[in-house]
Amino acid sequence: MSQASPVGQVSPGIPGGAGSPGSVVDAGAPSVAAVARGPRVVRRLVRRPSFVAGAVLLLGWAVVAAFWPHLVPADPMTQHPAERFRPPGWGHLFGTDQFGRDVLARVLAGARPVLEVAPLAAAAGVAAGSLLGLVCGVRRGLLDEIVMRVVDALAVFPSLVGVVVVAALVGRSTTALIVVIGVFFVPIVTRSVRAAALVEREKPYVEAARLRGEPFPSLLGREVLPNVAGTVLVEATSRLGDAVFAAATLSFLGLGQPPGSPEWGASVADSRVFLQHAWWTVLFPALAVASLVIGVALVADNLREQVAAR
Amino acid sequence: MAAASAEHPVRALLTRRGLLAGTGAGGLAALLAACGGSTGDADAADSSASSTAGGKRGGTVTLSAPPPPTALDPVTMYDGTAIALVQLVADYLIWLDSDFQLQPRLATAWTSSEAGRTWSFTIRQGVLFSDGTPLDAATVKASFDRLLDPANKSAALSAFDTVLKAGGVSLAGSDTVVFRLERPFSEFPYLVSAGNYNALILKPDYQVGTFAQKAIGTGPFLLNSYDSGTGASFTRNPRYWDSGKPYLDGVRVAFYKDEQADLLALQSGAVDGQILSDASLVGPVAGGGSIAVDKVNSTGLTAFTLRVDRPPFTRKEVRQAVAYALDRPGVLTSVRDGAGVLGNDHLFAPSFASAPTDLQQRARDEAKVRSLLAAAGVDNLRFTLSFDPPNRSYALVIQDQLKQVGITVDLDQQTSGAFYGGDQTTDTPWLFTTANLVGWAGRPTASQFIIPMVKSQGVWNGSKYANPAVDAAATAYDAATDPAERKKQAEIIARALNEDVPVIVSVWNGAVRAYRTDRIRGLRAHPSAFLDLTTVTRA
Chain A
-5 MSQASPVGQV
5 SPGIPGGAGS
15 PGSVVDAGAP
25 SVAAVARGPR
35 VVRRLVRRPS
45 FVAGAVLLLG
55 WAVVAAFWPH
65 LVPADPMTQH
75 PAERFRPPGW
85 GHLFGTDQFG
95 RDVLARVLAG
105 ARPVLEVAPL
115 AAAAGVAAGS
125 LLGLVCGVRR
135 GLLDEIVMRV
145 VDALAVFPSL
155 VGVVVVAALV
165 GRSTTALIVV
175 IGVFFVPIVT
185 RSVRAAALVE
195 REKPYVEAAR
205 LRGEPFPSLL
215 GREVLPNVAG
225 TVLVEATSRL
235 GDAVFAAATL
245 SFLGLGQPPG
255 SPEWGASVAD
265 SRVFLQHAWW
275 TVLFPALAVA
285 SLVIGVALVA
295 DNLREQVAAR
Chain B
21 MAAASAEHPV
31 RALLTRRGLL
41 AGTGAGGLAA
51 LLAACGGSTG
61 DADAADSSAS
71 STAGGKRGGT
81 VTLSAPPPPT
91 ALDPVTMYDG
101 TAIALVQLVA
111 DYLIWLDSDF
121 QLQPRLATAW
131 TSSEAGRTWS
141 FTIRQGVLFS
151 DGTPLDAATV
161 KASFDRLLDP
171 ANKSAALSAF
181 DTVLKAGGVS
191 LAGSDTVVFR
201 LERPFSEFPY
211 LVSAGNYNAL
221 ILKPDYQVGT
231 FAQKAIGTGP
241 FLLNSYDSGT
251 GASFTRNPRY
261 WDSGKPYLDG
271 VRVAFYKDEQ
281 ADLLALQSGA
291 VDGQILSDAS
301 LVGPVAGGGS
311 IAVDKVNSTG
321 LTAFTLRVDR
331 PPFTRKEVRQ
341 AVAYALDRPG
351 VLTSVRDGAG
361 VLGNDHLFAP
371 SFASAPTDLQ
381 QRARDEAKVR
391 SLLAAAGVDN
401 LRFTLSFDPP
411 NRSYALVIQD
421 QLKQVGITVD
431 LDQQTSGAFY
441 GGDQTTDTPW
451 LFTTANLVGW
461 AGRPTASQFI
471 IPMVKSQGVW
481 NGSKYANPAV
491 DAAATAYDAA
501 TDPAERKKQA
511 EIIARALNED
521 VPVIVSVWNG
531 AVRAYRTDRI
541 RGLRAHPSAF
551 LDLTTVTRA
């Protein structure tokens, strides 16, 4: 018998999945519906101005991060003592900082450090959290109890404070930042994905897969995961925004890249004492952080709304 | 000596403000013949003697300062705010003016005998403490005995190290105090002056740690209230020994934790002036509105130390190459906002009377860098530079300047706690890393840099430099009472350091003090950020 998918559709099943040869029960595979919905969701999203604005900001910064050496008007690292604190003008569109470095060049170059750390940190946290959430949500039992109690314990700890403390302890490196930020996302993602998986595990297609003896990893990866993909995607974009903010905060606190890096957070920290007479040294890197966070948030909000609308 | 602290030459430098305060901490020595001038224009010609001419007697001024990280105690303090506040209430035997000339205060005269091994100070008569107790020689002796007692943990102990020990102070009548030194020291008056900022004269029954509750001194003001978080207020001391002074009726000091808030308070008129100013912050606002910034040179420095016993700096050619790679005027501009003077890789500030004058100023020379590195057989020189946050800007400037001549510098920024932590005999980063930046508070004498920093087995010899010729000249320099002989020994030391480059001294710090010209007159910068308000008036 066919089973209703999470969106109330009747799924025909997919090869190798539920309803594949050897299936005991043709339980249908909602994952097909999920796949089929993809283009439709995209079409809906691109009609939303807020999503487009967010995507443009996000992609724009991604392009800048990738190609900044070809875009900057000057070397962002080279100092020019004679040109300190030049206000924005034709020679330096964003002005110069306390070392005479071009602020525009540093803002553009500063996109790379944050976009090296944030996506990977978000991906690491989402991957680990999703795996834990799926395992716990589908299997339940003692493992679920243990993991969720640990997650509960971690969740009460202020994550940003935790990130700062651990980053200060492990020292400065891109890998360390990615791991530290990612680890603190795991409890959040685990909870969300587990909640979605709990809903899915009660559905007949999961029961059908179990009855036909589908291995547990396959049950998670091929049956449940496609149906919680929306939740995972929303988590990924939300965590990306958090990761950008966390990376900028760590950099502001001096826990990011080595001194002299054009990281936005570090630029704000180094220049904030000059705000009175050289506002441009603070404003532009701060705007860069804000624009990227806003871009990611707009994308995440729209995705969340689409998932909720399902 | 005067400088930063008893155990540590740099403790006062742990913060950016501390650097400024610490620069003052040591007091400076010798005669700062050349001082900077005010960048403001309103009362540039205003001298101490004539300050009342343009100002008004009476009234109160409000100054700002960061909250002191140490207790308000004359014996143990080492930060700029605490030192300045205590200086309003208590007094020294000798003051150091902004030219670092010795100015008699509670001592009216001093003489030496035994070739500089014994010093006698005549105590001013008629001076009363604020509670009415008269000052006498026994009180002065008690004050120095207190400083020399290790149990009191005074920052002054390091100043007297190898020079004066407990039991070395005695009386010769009711108005003369005699100091018997461990060795001849021709600049000893600096060690009992404000240059040794803990050397304040307090009553014999003073208990360390009670100053904030019961501040009794011979200074120009009385401490009315003190709160370590918000500020302090002072009123004129009617018993002050210098008749007619101070001109102000009172002083209020407001604490601002944030430098930006401090500057805003000055700009808005919430305060009339700053006690501790940061040149890089106040420099750009000088001359705007009613803000003026007074500048003077100091003897504080940031030592760029190179380990002579560790690659890649075992060859002096490599060390010289690094020294020739630096654009010193660029360092002065970028790091000190132009406040200070160029250094020449030795430890005699231009303001020291014995400073060599015929040693050619080292300047950036790319060709020389290449030839020196080639002579040393070094390709692609690369090293790690360790430092703590107050020297971050200097580190960045060094990295950029050396990169321009093909030298790669990896920056190792550590917390101040980590950088100055560890064991000073085995592993503390500021003494054991291959290359590092260490802020040294200003000292009143060159010996106080030379002996710990570059003499063989010096307690703070981070470069591990050892040169018997320098050791011998340093000993002769301390003992010499003849200025010509001192200058001769100074030249031997300076030439050796300039040639061997265990330490790069690219600039000597300057000190600044910002104030509002429409509110206050006579407020001057001091090389050690000391505070003398006896001749300050309202505008």
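Chains as they are written, first to last, in this note's numbering: chain A, -5 to 304; chain B, 21 to 559. For each residue, glycine too, the CB sits at the ideal point set by N, CA and C. Quick caveat, the model's predicted, so the values are computed rather than measured.
query, result
"Is the beta carbon of Glu217(A) closer than 8 Å to that of Val238(A)?", "no"
"So who's on the other strand from Ile221(B), going by DSSP bridges?", "Asp111(B)"
"In chain order, what residues of the same chain have a beta carbon less than 8 Å from the beta carbon of Ile221(B), not counting five sequence neighbours either side?", "Ala110, Asp111, Tyr112, Leu113, Leu126, Leu155, Thr159, Val160, Ser163, Gly237 and Thr238"
"Quick check on Gly289(A): does DSSP put it in helix, strand or coil?", "helix"
"Can you check DSSP and say which residues form a bridge with Trp528(B)?", "Leu321(B) and Val361(B)"
"Whose C-alpha, out of Phe246(A), Ala230(A) and Pro198(A), is nearest the C-alpha of Asn296(A)?", "Ala230(A)"
"Residues of chain A with CB closer than 9 Å to the CB of Glu279(B), please, in chain order.", "Val267"
"I need the DSSP call for Lys388(B), collapsed to helix, strand or coil.", "helix"
"Verify the CB distance criterion: does Gly11(A) have a CB-CB separation below 8 Å to chain B?", "Bear in mind that the predicted position of Gly11(A) carries a pLDDT of just 36, short of 50, making it too unreliable to give a figure here."
"Would Ser206(B) pass as a contact of Asp498(B) if the rule is Cβ separation under 8 Å?", "yes"
"So Gly259(A) contacts chain B; which residues on that side make the cut at Cβ distance below 7 Å?", "Per Cβ cutoff of 7 Å: no residues; Gly259(A) is ~15 Å from chain B at best."
"Does any residue of chain A bring its CB to less than 8 Å from the CB of Ser25(B)?", "Residue confidence for Ser25(B) is low, a pLDDT of 34 falling below 50, so the modelled location carries little weight; the figure read from the coordinates is stated next. Judged by the 8 Å Cβ criterion, Ser25(B) is not in contact with chain A."
"Can you find a C-beta in chain A that's less than 8 Å from the C-beta of Gly459(B)?", "no"
"Would you mind stating whether Asp365(B) and Arg382(B) have Cβ atoms separated by less than 8 Å?", "yes"
"When the Cβ atoms of the segment 383 to 403 of chain B are set against those of the segment 343 to 361 of chain B, are three or more pairs found closer than 8 Å?", "yes"
"Let me know if Val194(B) comes out buried or exposed under the rule of 16 or more other beta-carbons within 10 Å of its beta-carbon.", "Reading off the sequence shown, one finds Ser at residue 194(B), where the question assumed Val. Classification of Ser194(B): exposed, given that the 10 Å Cβ count is below 16."
"In the structure shown, what three-state DSSP assignment does Thr35(B) receive?", "Caution is warranted here: a pLDDT of 35 is assigned to Thr35(B), below 50, making its placement in the model unreliable, and no coordinate value can be reported."
"In chain order, what residues of the same chain have a beta carbon less than 6 Å from the beta carbon of Arg200(B), not counting five sequence neighbours either side?", "Thr138 and Gly188"
"Using a Cβ-Cβ distance cut-off of 8 Å, determine whether Ser354(B) contacts chain A.", "yes"
"By a C-beta neighbour count over all protein chains shown, 10 Å radius and 16 as the cutoff for buried, is Val290(A) buried or exposed?", "buried"
"Taking contact to mean at least 3 C-beta pairs separated by less than 8 Å, is the segment 446 to 463 of chain B in contact with the segment 481 to 499 of chain B?", "yes"
"Mind checking if Val189(B) is an interface residue toward chain A, Cβ cutoff 8 Å exclusive?", "no"
"Residues of chain B with CB closer than 7 Å to the CB of Pro75(A), please, in chain order.", "Gly350, Thr353 and Ser354"
"According to DSSP, what are the bridge partners of Thr428(B)?", "Arg402(B)"
"From Tyr217(B) to Pro67(A), what distance separates their C-alpha atoms?", "51 Å"
"Please list the partners that Arg80(A) has in chain B, where partner means a Cβ-to-Cβ separation under 7 Å.", "Result: empty, since nearest Cβ-Cβ is about 12 Å, beyond 7 Å."
"Phe93(A) versus chain B: which residues are under 9 Å apart at the beta carbon?", "Ser354, Ser413, Leu416, Val417 and Asp420"
"Thr72(A) touches chain B at which residues, Cβ-Cβ below 7 Å?", "Asp420"
"Hey, does Val425(B) have any beta-carbon neighbour from chain A nearer than 8 Å?", "no"
"Measure how close the beta-carbons of Ala493(B) and Leu296(B) come, nearest whole angstrom, since I'm counting them as under 8 Å.", "About 36 Å; that fails the 8 Å criterion."
"What residues in the segment 305 to 332 of chain B bring their beta carbon closer than 7 Å to a beta carbon of chain A?", "Val305"
"Does the beta carbon of Gln433(B) come closer than 8 Å to any beta carbon on chain A?", "yes"
"For Asp247(B), which three-state DSSP category applies?", "strand"
"Leaving out five residues before and five after Phe246(A) in sequence, what residues of the same chain have Cβ atoms less than 7 Å from its Cβ?", "Gly259, Ala260, Val262 and Ala263"
"Pull up the DSSP beta-bridge partners for Lys423(B), would you.", "Lys423(B) is not bridged to any residue."
"Excluding the 5 residues preceding and the 5 following Glu202(B) in the sequence, name in chain order all residues of the same chain whose CB lies nearer than 8 Å to its CB.", "Thr182, Val183, Leu184, Lys185 and Gly188"
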